[in-house]
Amino acid sequence: MKRFPLPDELTLPTRDEILEMHDVQLERYGGKPGFNEQKIIGIDAVLGRVRHHIDYADAPDLLSAVAILWHGLTQAHAFLDGNKRTALMTMAVTLEMNGVTYDRGGEYAANFIELLFAEAGESTIELQAFEANLRQNTRALDYHHLTAHAPEGPDPTGTKDT
Numbered sequence: 410m411k412r413f414p415l416p417d418e419l420t421l422p423t424r425d426e427i428l429e430m431h432d433v434q435l436e437r438y439g440g441k442p443g444f445n446e447q448k449i450i451g452i453d454a455v456l457g458r459v460r461h462h463i464d465y466a467d468a469p470d471l472l473s474a475v476a477i478l479w480h481g482l483t484q485a486h487a488f489l490d491g492n493k494r495t496a497l498m499t500m501a502v503t504l505e506m507n508g509v510t511y512d513r514g515g516e517y518a519a520n521f522i523e524l525l526f527a528e529a530g531e532s533t534i535e536l537q538a539f540e541a542n543l544r545q546n547t548r549a550l551d552y553h554h555l556t557a558h559a560p561e562g563p564d565p566t567g568t569k570d571t
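Residue numbers (the working numbering): 410 to 571.
Right, here's the structure in full:
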């Protein structure tokens with residue numbers, strides 16, 4: 410089973426960043442804008458659930474935490490439209506912020522999610538099935554490859570040997 414240890418400082422998106430990702434999804438793919446006033450606080454609850462998992466689960470790792478984040482956002486129904494798309498983008502961004510990438514394209518991921526919802530019904534999604542999908546379709550980002558094509562000039566990180 411593929412595992413990615415939790416980084417010393419796990420980076421999670423804030424509620425405002427999740428709201429921005431929702432706006433991006435609506436701009437790209439359309440949908441009804443807005444959110445449910447009474448359910449928007451559910452985003453904070455989801456982020457709290459992830460932190461609780463990290464602090465108290467027997468063997469938490471990055472993928473289990475991200476699966477809980479995705480699952481919680483799909484179930485919170487904080488937005489009038491685009492909940493699953495926002496959860497998917499949040500999942501991908503959170504993985505990348507923590508040095509991991511989801512290898513499957515957006516179309517595959519969207520189809521997989523629709524299949525999960527079709528099998529389970531809109532009310533219940535199988536968290537374990539989504540986590541298993543993450544374990545099969547993620548890999549560590551290759552930072553060497555990303556920096557190999559960086560433009561010449563001063564190193565903004567100050568880590569390059571001179």
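From the three backbone atoms N, C-alpha and C, an ideal C-beta is built for every residue, glycine too.
Would you kindly report the start and end of the unbroken alpha helix (DSSP H) that includes T499? 492-506
Closest to I427 by C-alpha separation, out of Q545, F488, D464, A541, would be which residue? F488
Which of helix, strand or coil does DSSP assign to R412? coil
What are the start and end residues of the alpha helix (DSSP H) that includes A549? That residue, A549, is in no alpha helix (DSSP H); its beta strand (DSSP E) goes 547-549.
Just the Cα atoms here: how many angstroms apart are A476 and M500? 8 Å
Please report how far the alpha carbon of S532 lies from the alpha carbon of D417, in whole angstroms. Per-residue confidence for S532 stands at a pLDDT of 48, beneath the threshold of 50, marking its modelled position as unreliable; no derived number is given.
Runs of alpha helix (DSSP H) wholly within the segment 426-466 (minimum 4 residues, chain order): 450-465
State the beta-bridge partners of V509 as determined by DSSP. A549
Assuming the contact rule is C-beta atoms closer than 8 Å, A496 and L482 should be a hit. Round their C-beta distance to whole Å, please. 4 Å
In whole angstroms, what is the alpha-carbon distance linking H384 and Q537? With the chain covering only 410 through 571, there is no way to say anything about residue 384.
Supposed contact pair H462 and S407 - C-beta distance, whole angstroms, cut 8 Å: For the chain, the structure presents residues 410 to 571; residue 407 sits outside this window and is missing.
Three or more C-beta pairs closer than 8 Å, one from the segment 539-549 and one from the segment 505-517: is that the case here? yes
Taking the alpha helix (DSSP H) that L478 belongs to, which residues open and close that run? 471-485
CB V433 to CB M498, shorter than 8 Å? yes
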